[in-house]
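> Quick one: structure below, then a few questions.
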Amino acid sequence: SAVISQKPSRDICQRGTSLTIQCQVDSQVTMMFWYRQQPGQSLTLIATANQGSEATYESGFVIDKFPISRPNLTFSTLTVSNMSPEDSSIYLCSGLVNEKLFFGSGTQLSVL
Amino acid sequence: SQQGEEDPQALSIQEGENATMNCSYKTSINNLQWYRQNSGRGLVHLILIRSNEREKHSGRLRVTLDTSKKSSSLLITASRAADTASYFCATVSGGSYIPTFGRGTSLIVHP
Chain C
643 SAVISQKPSR
653 DICQRGTSLT
663 IQCQVDSQVT
673 MMFWYRQQPG
683 QSLTLIATAN
693 QGSEATYESG
703 FVIDKFPISR
713 PNLTFSTLTV
723 SNMSPEDSSI
733 YLCSGLVNEK
743 LFFGSGTQLS
753 VL
Chain R
643 SQQGEEDPQA
653 LSIQEGENAT
663 MNCSYKTSIN
673 NLQWYRQNSG
683 RGLVHLILIR
693 SNEREKHSGR
703 LRVTLDTSKK
713 SSSLLITASR
723 AADTASYFCA
733 TVSGGSYIPT
743 FGRGTSLIVH
753 P
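Taken in order, these protein sequences are the chains called C and R.
Residue numbering for the first sequence follows the working numbering, beginning at 643 and increasing consecutively.
Residue numbering for the second sequence follows the working numbering, beginning at 643 and increasing consecutively.
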């Protein structure tokens with residue numbers, strides 16, 4: 643298994659502000675991903691975090707809204723920018739180890 | 643886009659009973675995985691079954707895979723209240739290494 647630490651665990655934010663979520667993984671992880679899970683829904687992949695280069699975004703997600711950094715192998719951040727109530731979701735960091743995904747505990751974001 | 647679709651969407655049983663959840667998918671897969679999520683938090687990997695395997699066991703979990711029907715099932719035997727969670731299947735296809743998740747089955751086990 644792998645240890646994935648994510649923070650904050652939850653936050654309540656005002657419309658128009660930004661929130662940065664941090665994720666620390668252990669060294670077994672080969673790839674890192676960011677997912678969004680809207681209430682009662684499945685997981686949607688936002689992007690693959692690439693070490694030292696721009697993240698690879700999935701359709702419907704753009705860098706201006708969800709800037710991602712991965713300065714080294716074991717650390718990544720996701721920023722939710724210029725938030726609106728529609729951004730209220732759980733955001734999950736995950737790492738791939740031997741074909742299996744390991745997840746952080748998630749960040750529950752509420753935007754007022 | 644979603645690949646796997648779980649059935650049923652919700653399942654409510656008594657402690658001690660068996661719980662069966664199904665997952666159907668659309669395209670050929672390399673492997674299929676099952677995950678558990680408690681109370682909207684991080685997911686926990688349960689089991690991985692490859693396309694050339696038909697059945698795998700892990701403790702009280704039994705997973706079957708029928709590639710001709712493009713379906714999988716997760717059986718939890720002798721369920722416990724602590725098994726209450728959402729269960730997701732996820733498929734890996736083609737040259738991708740990233741699992742694609744279905745909508746999940748919400749399981750409630752009553753003590």
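In this text, a Cβ means the ideal position worked out from N, Cα and C, and glycines have one as well.
What is the DSSP secondary structure of R/Ala-720, reduced to helix, strand or coil?
coil
> Report yes or no: is there a C-beta of chain R within less than 9 Å of the C-beta of C/Phe-744?
Chain R, which has a Cβ nearer than 9 Å to the Cβ of C/Phe-744, makes this yes.
> What does R/Tyr-739 touch in chain C if you count any residue whose Cβ is under 8 Å from its own?
Met-673, Leu-738 and Glu-741
> For C/Gly-748, does the count of other Cβ atoms within 10 angstroms reach 16, so buried, or fall short, so exposed?
Label assigned to C/Gly-748: buried.
> Measuring alpha carbon to alpha carbon, tell me which residue in C/Met-674, C/Gln-750 and C/Arg-652 is nearest C/Ser-718.
C/Met-674
> Please decide whether C/Gly-748 counts as near chain R, where near means a Cβ-Cβ distance under 9 Å.
Yes - at least one Cβ of chain R is within 9 Å of the one on C/Gly-748.
> Is there at least one Cβ from chain A nearer than 9 Å to R/Asn-673's Cβ?
Among the protein chains in the structure shown, which are C and R, there is no chain A.
> Using a Cβ-Cβ cut-off of less than 8 Å, list which residues of the stretch 713-734 of chain C approach chain R; keep chain order.
Ile-732 and Leu-734
> State the Cα-Cα distance for the pair R/Asn-672 and R/Ala-661, rounded to the nearest angstrom.
26 Å
> Can you pull the chain R residues whose beta carbon is under 7 Å from the beta carbon of C/Leu-751, in chain order?
Within 7 Å Cβ-Cβ: nothing; C/Leu-751 doesn't reach chain R, min ~12 Å.
> Pull up the DSSP beta-bridge partners for C/Tyr-733, would you.
C/Arg-678 and C/Thr-749
> If we ignore side chains and look at the alpha-carbon of each, how far apart do R/Gly-646 and R/Ile-689 end up?
15 Å
> Excluding five sequence neighbours on each side, which residues of the same chain lie with their C-beta closer than 8 Å to the C-beta of R/Gly-658?
Its chain contains Ala-720 and Ser-721 as the residues whose beta carbon lies nearer than 8 Å to that of R/Gly-658, once the 5 sequence neighbours on both sides are disregarded; these appear in chain order.
> Counting along the chain, where does the beta strand (DSSP E) carrying C/Thr-672 start and finish?
Careful: C/Thr-672 lies outside any beta strand (DSSP E) and carries neither H nor E.
> Beta-carbon of C/Gln-648 versus every beta-carbon of chain R: anything under 9 Å?
yes
> Is R/Ser-643 helix, strand or coil when you go by DSSP?
Low confidence applies here, because R/Ser-643 scores a pLDDT of 46, under 50, leaving its location unreliable and the question unanswered by this model.
> Thinking C-alpha only, which one of R/Ile-718, R/Tyr-677 and R/Arg-692 is nearest R/Ala-732?
R/Tyr-677
> Step through the CB atoms of chain C and report whether any lies within less than 9 Å of the CB of R/Leu-653.
no
> Which residue or residues does DSSP assign as beta-bridge partners of R/Val-705?
R/Lys-698 and R/Leu-716
> Only counting the same chain, and skipping five residues up and downstream in sequence, which positions put a Cβ closer than 6 Å to that of R/Ser-728?
Gln-679, Gly-746 and Ser-748
> Whose C-alpha, out of R/Tyr-739, R/Val-751 and R/Gln-651, is nearest the C-alpha of R/Arg-692?
That would be R/Tyr-739, whose Cα lies nearest to the Cα of R/Arg-692.
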